[in-house]
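Protein chains: 2
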Amino acid sequence: MTKKITIAIDAMGGENSPKKNIEGLNIFLEKNHNRNDYLIKLFGDENRIKDHLSKFNIKNDNVEIFHTDSVVSDDETPLSAIKNSKNTSMWNSIKSQIDGNSDISLSAGNTGVLFVISKMILKMMSDVTRPALAGLWPSKKGMSVVLDLGANIECDENNLVDFSEMGAALFKSIFPDQKPQVALLNIGSEEIKGTEILKKTYVKLKDLDSEKNFIFNGYIEGNQIMNGDSNVIVTDGFTGNIALKTAEGTAKFVVDNLKESLKENIISRLSLVFSYFSLKKFKSKLDPRKYNGAIFLGLNGPVVKSHGGTDAIGFYHSIDLCYKIMKGNLMQEIKNNLSHLNDREKKN
Amino acid sequence: MTKKITIAIDAMGGENSPKKNIEGLNIFLEKNHNRNDYLIKLFGDENRIKDHLSKFNIKNDNVEIFHTDSVVSDDETPLSAIKNSKNTSMWNSIKSQIDGNSDISLSAGNTGVLFVISKMILKMMSDVTRPALAGLWPSKKGMSVVLDLGANIECDENNLVDFSEMGAALFKSIFPDQKPQVALLNIGSEEIKGTEILKKTYVKLKDLDSEKNFIFNGYIEGNQIMNGDSNVIVTDGFTGNIALKTAEGTAKFVVDNLKESLKENIISRLSLVFSYFSLKKFKSKLDPRKYNGAIFLGLNGPVVKSHGGTDAIGFYHSIDLCYKIMKGNLMQEIKNNLSHLNDREKKN
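From first to last, the protein sequence lines are chains A and B. Note that the first sequence covers residues 9 to 356 in the working numbering. Note that the second sequence covers residues 9 to 356 in the working numbering.
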């Protein structure tokens with residue numbers, strides 16, 4: 009790792025780029041004006057980036073620009089991207105990691121392409137069976153990590169054990185003061201429930217002498233994801249993606265219904281005057297922009313994917329996430345957890 | 009089918025039985041006092057049932073009691089139940105279906121045991137590859153059917169096609185005026201997304217000349233379950249159960265946060281005075297008791313499972329569901345849909 013935490017940002021990825029990316033950066037710089045332990049490298053069209061930097065009056069020694077001529081298009085398929093994406097802003101930001109010039113990269117661009125070129129450039133860590141996409145999830149006790157959210161449709165028990173170790177490392181890097189509590193997502197909490205793969209994973213995680221890295225809580229059901237008793241929730245990418253999208257849809261459905269109810273007549277509208285600040289706080293707590301940023305784990309360097317449609321505030325939260333997980337030594341935490349796993353496997 | 013719609017109720021299943029079961033029945037009788045096209049058969053302890061009937065002053069020619077000495081315990085495993093559950097209130101209510109004395113049965117008792125003895129007594133319909141558990145799900149446009157919710161952890165393409173046909177039949181029996189719109193739950197809406205089994209199911213459903221029975225909308229993602237564009241959502245039992253529980257947990261999380269926010273200070277509490285009726289309506293719309301009742305499909309007779317912990321209102325909704333789906337000729341609808349499927353398969 010370079011001495012400063014170096015974050016490579018694809019300034020051209022996502023809707024309204026590079027405007028929202030630079031605006032998000034501006035929020036990050038303002039919130040961290042008293043820090044000097046980071047370096048931001050912006051990859052993309054130099055002139056357009058400079059335009060937006062000057063709009064926000066950003067003159068900061070901790071921000072550097074690296075010009076690229078091209079951008080990964082949203083229509084690009086992962087397959088065509090291998091040929092076409094070289095020297096794009098996305099490609100070069102990830103490339104800077106393997107060249108040792110950055111610690112982590114962030115893009116709000118084409119998801120499929122980002123995964124393919126991340127894997128191609130960074131390659132998998134030698135001890136990892138499969139990379140995984142981890143997300144942040146609000147919970148009663150704060151925030152949890154859920155993985156895999158869609159990188160692997162089908163997973164075996166070794167993949168799921170790796171995800172547990174990597175997810176625990178990620179959680180620890182973000183929340184150094186909390187002990188990771190790992191659980192497997194299942195359709196019942198009894199040991200005999202679920203698929204054969206889940207049962208095998210359960211046995212492996214129970215056998216694993218993991219106490220120093222995390223506590224294994226066994227199975228949880230979907231309704232327990234958000235109660236906060238477990239803060240690292242492990243599942244295959246198909247199930248994780250369905251759970252994530254279902255939760256998003258349900259939250260939207262409930263909130264839409266609430267809005268409709270509170271606007272239906274004059275009296276209920278009047279109530280909005282009195283509940284304004286409380287409802288604002290309620291909305292802020294569940295603001296999806298706070299949880300923006302999925303982390304691609306298991307490669308020789310972490311890659312963060314921001315939602316393409318998010319705004320400057322959402323993009324700021326992704327930059328902040330990059331900073332936090334590098335500050336928390338994510339890569340070292342992963343190596344620690346996995347080496348411990350390998351010790352056990354060699355013994356067996 | 010007997011001339012009257014005959015509903016066999018396990019009066020002893022679930023928490024607070026037979027009280028809540030009889031109280032729920034009382035609501036049903038009051039709401040249907042002008043109808044005479046149904047017959048309720050109550051299975052369980054005759055004296056206790058009579059006690060509760062008299063408490064609610066129920067004297068109705070459409071209610072009959074069938075005494076049983078024993079009850080399926082909550083601790084019973086499906087395996088031990090095969091030996092121990094004979095002549096229980098649950099067993100005899102299902103048995104009355106195969107004997108031709110009832111059209112449908114309802115229990116709030118032990119779920120695992122209910123499935124096992126339902127399958128044992130009623131047996132699978134000859135054209136069905138696997139039975140499925142279907143549930144009701146609130147949507148922007150009213151109510152949808154989701155299946156399988158946990159009867160089959162793993163499913164192949166033939167199972168999923170059967171579930172589509174049975175789910176469409178169920179939806180049509182409840183909402184005769186609406187055309188079922190079937191969708192497969194997946195992690196993307198493009199044809200190339202998802203597991204091999206989903207892709208094969210997609211092709212089969214596209215090929216199926218199903219227009220007269222339902223419209224096939226292709227894939228939907230988890231966040232589209234509740235938008236109402238599709239009203240029959242098909243998935244395997246593992247994924248369906250995760251989605252259902254995740255939705256329950258998310259709704260609870262959002263509503264709990266809302267409550268907390270609105271009670272946090274005097275001003276926001278004051279708003280509750282003005283929003284009282286609107287919030288009550290909001291709460292009522294999302295009241296899980298309205299969606300209480302999962303339907304076990306694919307056997308020679310439908311079995312409805314009420315949530316064990318629900319109250320009289322929830323149990324009433326399950327009785328009402330039994331009445332509605334029999335009024336809507338569920339079994340005939342299923343046979344229609346499946347015979348059509350078989351015609352196609354024979355041609356291929």
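Note that the Cβ used here is the ideal one computed from N, Cα and C, for glycine as well.
Item	Value
7 Å Cβ shell around N249/A - same chain, five flanking residues per side excluded	L157 and G158
Backbone CA spacing between G52/A and N65/A [nearest angstrom]	19 Å
Cβ distance (whole Å) where P310/B is taken to contact F304/B below 8 Å	7 Å
Inter-residue spacing [alpha-carbon to alpha-carbon] between F246/A and L144/B	23 Å
Environment of V211/A [buried if 16+ CB atoms lie within 10 Å]	exposed
Listed by chain order, chain A residues near K298/B by CB distance under 9 Å	Those do not exist, as K298/B stays about 13 Å from chain A at its closest Cβ, beyond 9 Å.
6 Å CB neighbourhood of L50/A in its chain, flanking five on each side removed	I17, A19, I57 and I73
Sequence-distant residues of its chain with Cβ nearer than 7 Å to K12/A (five each side left out)	D45, Y46 and L47
Proximal chain B residues relative to K149/A, where beta-carbon distance stays under 7 Å	Under the 7 Å cutoff, chain B gives no residues; its nearest Cβ is about 12 Å from K149/A.
Interface flag, I250/B vs chain A, CB-CB below 9 Å	yes
is_contact[S81/B, chain A] using C-beta, thresh 9 Å	no
Close beta carbons around K28/B, own chain, < 6 Å, minus the five adjacent residues each side	D319, A320 and F323
Identity of the residue in S276/A, I15/A, I195/A and I205/A nearest N109/A by Cα	I15/A
Closest residue to I106/A among H41/A, K335/A and M132/A (Cα-Cα distance)	M132/A
D244/A versus D69/A: straight-line alpha-carbon distance, rounded	42 Å
Cut-off 8 Å between Cβ atoms - residues of its own chain near D328/A, not counting five sequence neighbours on either side	F36 and K39
Start and end residues, alpha helix (DSSP H) containing V263/B	G245 to L270
Contact list for E162/A against chain B, beta-carbon separation under 8 Å	T203
Any non-hydrogen atom of the ligand HEM closer than 8 Å to A140/B Cβ	Among the components modelled here there is no ligand, and therefore nothing to report on the ligand HEM.
Any C-beta of chain B under 9 Å from that of T10/A	With a pLDDT of 47 at T10/A, under the threshold of 50, the modelled position of this residue cannot be trusted; read the value that follows with caution. So no, T10/A is outside the interface.
is_contact[N264/A, chain B] using C-beta, thresh 9 Å	It is worth fixing the name first, because residue 264/A is Asp in this sequence and not Asn. Judged by the 9 Å Cβ criterion, D264/A is in contact with chain B.
Cutoff 9 Å: T258/A Cβ touching any chain B Cβ	yes
Backbone CA spacing between K354/B and F183/B [nearest angstrom]	Legend: pLDDT at K354/B = 47, less than 50; position of this residue unreliable, value from coordinates given subsequently. C-alpha separation (whole angstroms): 30 Å.
Proximity test, Cβ basis, 9 Å: V240/B and chain A	no
Minimum Cβ-Cβ distance from N231/A to chain B less than 9 Å	yes
Within-9 Å CB hit, N235/B to chain E	Absence of chain E from the displayed structure is noted, the protein chains being A and B.
Under 7 Å by beta carbon: chain A residues contacting G317/B	Residues of chain A passing the Cβ test: none, with the nearest at roughly 13 Å.
Short CB-CB distance (under 9 Å) between N118/B and chain A	no
Any chain B beta carbon closer than 9 Å to P86/A	no
Neighbour-count burial assignment, F171/A, 16 or more Cβ in a 10 Å radius	buried
C-alpha distance - N356/A paired with K298/B, whole-angstrom precision	Interpretation of N356/A is limited by its pLDDT of 43, a score under 50 that renders its predicted location unreliable; no figure is taken from the coordinates.
H325/B versus H60/B - alpha carbon distance	19 Å
Segment contact flag, the segment 257-267 of chain A with the segment 271-283 of chain B, C-beta cutoff 8 Å, min 3 pairs	no
Sequence ranges, alpha helix (DSSP H) only - wholly within the segment 204-246 of chain B, length at least 4	204-215
is_contact[K313/A, chain B] using C-beta, thresh 9 Å	no
Whole-angstrom C-beta distance between I125/B and S93/B, which should lie under 8 Å	6 Å
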